[in-house]
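Student: To start, I am sharing the structure in question, which I have written as structure tokens.
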């Protein structure tokens with residue numbers, strides 16, 4: 187699988203940002219370790235999702251691309267697909283629940299995509315996407331359970347290990363497991379002794395439980411502020427990859443997530459969305475053993491005014 | 187004067203961060219120029235003020251330092267002096283109005299300084315500081331009207347010109363004029379053809395008017411959200427320096443300042459305080475002619491929850 191990550195890195199070069207790595211004396215003193223933050227909140231469209239979308243869509247044939255792309259997501263994957271399609275000058279259709287926040291719909295439409303709303307109580311988003319794909323000849327690029335998407339997401343950790351040698355531990359947010367499995371594949375190829383730990387919200391800890399029991403657990407609509415991790419479960423591809431490549435999984439409370447976003451805002455002056463702050467939440471709340479050199483993927487920075495206002499008011 | 191900036195750069199090396207320079211495709215497209223952001227919001231204690239305080243306090247004798255430092259400020263200069271004094275292990279006293287926000291007082295005390303509150307209707311802050319300095323043998327480090335402070339602030343633009351050659355224009359926020367005059371001194375030594383433009387809020391445009399009329403204008407307690415620029419006027423040192431080295435001054439509306447903080451939050455994922463966003467406000471609102479290569483100093487990132495919530499609600 188690592189060869190696919192390396193090929194993805196070549197493919198997205200010059201399109202995705204090679205995001206900076208930040209450090210903070212205050213953070214290091216607080217956790218008693220050297221911490222290296224891979225700033226995917228500074229990635230194009232504000233999240234690592236650009237990497238996977240760019241890689242997957244680049245691999246399609248010109249004929250497939252011209253027929254158009256479809257995906258289902260109300261979050262960063264939707265914006266990533268929309269932006270990549272705009273770059274290629276091809277049509278993008280995004281299936282989104284009809285109760286998705288207006289800001290997310292507007293952001294996706296802002297990149298030129300067509301949004302198709304559905305009633306989540308009546309329809310399955312993937313079934314609707316498959317139906318539209320069959321009707322119109324679209325290619326489906328799912329949000330995480332796709333080899334090229336996973337390979338693309340793995341390029342963030344690849345860059346981190348290239349830029350920061352000798353990490354002992356890497357903390358990665360986990361939603362559907364695309365970023366986590368990609369990061370683990372890169373890490374085990376480049377620095378096998380570095381422990382990869384996936385982090386989830388406690389109220390959305392399906393992957394933690396799936397990892398511990400080795401059978402797939404689902405949680406529907408978990409009440410977490412970390413909206414990027416509200417996916418019900420790991421996927422058919424990501425679950426076995428997580429079991430094979432990830433060393434451990436841990437969960438964090440909602441209060442710890444809020445505290446981490448605040449810490450990043452006030453002390454590092456970085457806008458990081460709740461899902462993106464899971465690794466910092468784990469470090470600051472002592473949910474992971476302290477290592478000497480810790481990498482943390484800040485996976486995204488797309489947070490709306492209402493959510494940030496709520497967080498700053500705590 | 188530029189020799190003093192160069193000496194300051196040597197003196198603060200290894201203490202102040204050499205802050206990163208960020209760029210944004212979205213910003214470049216929006217303003218039709220290549221824009222380079224010098225991220226002093228990522229400086230120690232969150233603002234450029236650390237540079238001047240570190241330089242000025244480093245130049246004191248060991249005997250002077252042991253007697254202690256005093257200054258008057260309710261903002262970033264207070265925190266900068268407090269942090270530098272903690273680094274030297276010497277006492278710091280900060281004279282602050284008794285109506286200063288509790289968060290600013292707490293931040294300053296958090297660095298170990300002693301805060302002396304005064305009633306701004308009854309006392310002048312500088313007179314009180316002078317009285318305490320005479321009583322206790324403290325050395326006064328004023329917030330801007332001091333050669334070593336100005337030289338220290340000039341190191342940010344020095345680094346920017348070293349890292350980004352051939353800038354055509356440099357936009358610098360203006361409060362008391364320490365950062366602006368220091369930046370202009372560095373620029374005219376390293377890149378004389380680069381136009382240096384100071385930016386102020388329209389409702390606090392004392393320096394714009396002083397620059398145009400060549401006589402010192404004061405505005406007391408201007409109602410601007412950019413609290414770092416509420417200083418009543420340029421100083422005895424900074425006014426002539428601004429007249430000599432700065433090419434132009436422009437002002438921006440409160441709405442433009444709010445829009446700039448929002449843009450930096452949503453598009454660049456950077457937390458920048460209102461005063462720090464003045465250059466972006468000028469660019470986005472078309473108050474400065476577009477050049478091909480524009481430097482902008484994002485001077486600080488210390489913004490409290492109430493102010494950011496107000497800005498995000500607009």
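Chains as they are written, first to last, in the numbering used here: chain A, 187 to 500; chain B, 187 to 500. Think of the CB as a built atom: it goes at the ideal place given N, C-alpha and C, for glycine as much as any other residue.
(1) Please identify the residue among 391(B), 338(B), 496(B) whose C-alpha is closest to the C-alpha of residue 234(B).
(2) Over what stretch of residues does the alpha helix (DSSP H) that includes residue 316(A) continue unbroken?
(3) Below 8 angstroms, how does it come out for the stretch 232-249 of chain A and the stretch 314-328 of chain A: are there three or more Cβ pairs, yes or no?
(4) Does any C-beta atom of chain B lie closer than 7 angstroms to the C-beta of residue 361(A)?
(5) Could you tell me which residues DSSP puts in a beta bridge with residue 294(A)?
(6) Can you check the stretch 209-296 of chain A for any alpha helix (DSSP H) of at least 4 residues that lies completely inside it and give the ranges in chain order?
(7) So, with DSSP's three-state summary, where would you put residue 417(B)?
(8) Is there a Cβ from chain B that is less than 7 angstroms from the Cβ of residue 368(A)?
(9) Using a cut-off of 7 angstroms between C-beta atoms, extract the partners of residue 491(B) located in chain A.
(10) Which chain A residues are close to residue 206(B), counting only those with a beta carbon under 9 angstroms from its beta carbon?
(11) Along chain B, which residues have their Cβ under 7 angstroms away from the Cβ of residue 232(A)?
(12) Going by C-alpha to C-alpha distance, which of 302(B), 239(B), 288(B) sits closest to residue 273(B)?
(13) Pick helix, strand or coil for residue 576(A), following the three-state DSSP scheme.
(14) CB-CB under 6 angstroms to residue 454(A), same chain, minus the five flanking residues each way: which ones, in chain order?
(15) Once DSSP output is grouped into helix, strand and coil, what is the label at residue 303(B)?
(16) Rounding to the nearest angstrom, what Cα-Cα distance links residue 275(B) and residue 224(B) in this structure?
(17) Output, in chain order, the set of chain A residues within a Cβ distance shorter than 9 angstroms of residue 495(B).
(18) Is the stretch 385-398 of chain A close to the stretch 348-367 of chain A, with three or more CB pairs under 8 angstroms?
(19) Under a three-way DSSP split, which group does residue 191(B) fall into?
(20) Suppose you measure from the CA of residue 394(A) to the CA of residue 349(A); what does that come to, to the nearest Å?
(21) Would you say residue 297(B) and residue 268(B) are within 7 angstroms of each other, going by their C-beta atoms?
(22) Would you say residue 451(A) faces chain B, with C-beta separation under 7 angstroms as the test?
(23) Assuming contact is defined by CB atoms lying nearer than 7 angstroms, are residue 436(B) and residue 467(B) in contact in what I supplied?
(24) Between the stretch 478-489 of chain A and the stretch 214-224 of chain A, do at least 3 Cβ pairs fall closer than 8 angstroms?
(25) Classify residue 480(B) as helix, strand or coil using the three-state DSSP reduction.
(26) So, are the CB atoms of residue 489(A) and residue 459(A) less than 7 angstroms apart?
(27) Can you pull out the residues from the stretch 477-489 of chain B whose beta carbon lies closer than 7 angstroms to at least one beta carbon of chain A?
(28) For residue 228(B), return the contacting residues in chain A, with the cut-off set at a CB-CB distance below 7 angstroms.
(29) Would you decide whether residue 345(B) is buried or exposed? Buried here means 16 or more other CB atoms lie within 10 Å of its CB.
(30) Using only the alpha-carbon positions, how far apart do residue 418(A) and residue 391(A) sit?
(31) Pick out whichever of 208(B), 229(B), 191(B) has its Cα sitting closest to the Cα of residue 201(B).
(32) Look at the Cβ atom of residue 260(B), then the Cβ atom of residue 355(B), and state whether they are nearer than 7 angstroms.
(33) Measure the alpha-carbon distance for residue 461(A) versus residue 456(B) and round it to whole angstroms.
(34) Considering only DSSP beta bridges, list what residue 436(B) is partnered with.
(35) Excluding the 5 residues preceding and the 5 following residue 379(A) in the sequence, name in chain order all residues of the same chain whose CB lies nearer than 8 angstroms to its CB.
Tutor: According to the data block:
(1) As a position in the second chain, residue 234(B) is number 48, starting the count at 1. The option with the nearest alpha carbon to residue 234(B) is 338(B).
(2) Counted from its first residue, the first chain places residue 316(A) at position 130. Where residue 316(A) is concerned, the enclosing alpha helix (DSSP H) stretches over 311-322.
(3) yes
(4) Translated into positions along the first chain, residue 361(A) becomes position 175. So no, residue 361(A) is outside the interface.
(5) Here residue 294(A) refers to the residue found at position 108 of the first chain. DSSP lists no partner for residue 294(A).
(6) 211-217, 235-244, 248-253, 262-274, 288-296
(7) By 1-based counting over the second chain, the position of residue 417(B) is 231. Looking at residue 417(B) - three-state DSSP - the assignment turns out to be coil, as it is neither helix nor strand.
(8) What you label residue 368(A) is simply residue 182 of the first chain in a count that begins at 1. Residue 368(A) does not count as touching chain B.
(9) Mapped onto the second chain, residue 491(B) falls at position 305. Per Cβ cutoff of 7 angstroms: 498, 499.
(10) By one-based count along the second chain, residue 206(B) stands at place 20. Chain A residues near residue 206(B): 206, 208.
(11) The count along the first chain starts at 1 and reaches residue 232(A) at position 46. The contacting residues are 455.
(12) Start at 1 with the first residue of the second chain, and residue 273(B) comes out as number 87. Nearest of 302(B), 239(B), 288(B) to residue 273(B), Cα basis: 239(B).
(13) The structure shown does not extend to residue 576(A), since chain A is modelled only from 187 through 500, so no value can be given for it.
(14) In the first chain, the residue the question calls residue 454(A) occupies position 268. Taken in chain order, the residues that qualify are 210.
(15) Along the second chain, read from residue 1 onward, the residue named residue 303(B) stands at position 117. If DSSP states are grouped into helix, strand and coil, residue 303(B) belongs with the strands.
(16) In the second chain, counting from the first residue as 1, residue 275(B) sits at position 89. In the second chain, counting from the first residue as 1, residue 224(B) sits at position 38. Cα to Cα, residue 275(B) sits roughly 30 angstroms from residue 224(B).
(17) For this step, residue 495(B) is matched to residue 309 along the second chain. In chain order: 491, 494, 495, 498, 499.
(18) yes
(19) As a first step, residue 191(B) must be located in the second chain, where it is residue number 5. In this structure, residue 191(B) counts as helix in the three-state DSSP scheme.
(20) On the first chain, position 208 is the one that residue 394(A) refers to. On the first chain, position 163 is the one that residue 349(A) refers to. Each residue's Cα considered, the two are about 29 angstroms apart.
(21) Residue numbering aside, residue 297(B) sits at position 111 when the second chain is read from its first letter. Residue numbering aside, residue 268(B) sits at position 82 when the second chain is read from its first letter. Yes, they are a contact pair.
(22) Residue mapping note: residue 451(A) aligns to position 265 of the first chain, counting from 1. Yes, its Cβ sits closer than 7 angstroms to a Cβ of chain B.
(23) Taking the second chain and counting its residues from 1, one reaches residue 436(B) at position 250. Taking the second chain and counting its residues from 1, one reaches residue 467(B) at position 281. Their beta carbons are not under 7 angstroms apart, which means residue 436(B) does not touch residue 467(B) by this criterion.
(24) yes
(25) The count along the second chain starts at 1 and reaches residue 480(B) at position 294. Looking at residue 480(B) - three-state DSSP - the assignment turns out to be strand.
(26) Position 303 of the first chain holds residue 489(A). Position 273 of the first chain holds residue 459(A). The answer is yes: Cβ separation under 7 angstroms.
(27) 487
(28) Reading the second chain from its first residue, position 42 is the one you call residue 228(B). Within chain A, the residues near residue 228(B) are 455.
(29) Residue numbering aside, residue 345(B) sits at position 159 when the second chain is read from its first letter. Result: buried.
(30) Locating residue 418(A) in the first chain gives position 232, counting from the first residue. Locating residue 391(A) in the first chain gives position 205, counting from the first residue. Going from the Cα of residue 418(A) to the Cα of residue 391(A) covers about 10 angstroms.
(31) Taking the second chain and counting its residues from 1, one reaches residue 201(B) at position 15. If we check each option's Cα against that of residue 201(B), 229(B) comes out closest.
(32) As a first step, residue 260(B) must be located in the second chain, where it is residue number 74. As a first step, residue 355(B) must be located in the second chain, where it is residue number 169. The answer is no: Cβ separation not under 7 angstroms.
(33) Translated into positions along the first chain, residue 461(A) becomes position 275. Translated into positions along the second chain, residue 456(B) becomes position 270. Their backbone Cα atoms lie some 17 angstroms apart in a straight line.
(34) Position 250 of the second chain, counted from the first residue, corresponds to residue 436(B). Partner(s): 385(B).
(35) Position 193 of the first chain, counted from the start, is the residue given in the question as residue 379(A). So the list reads 354, once near-sequence residues are dropped.
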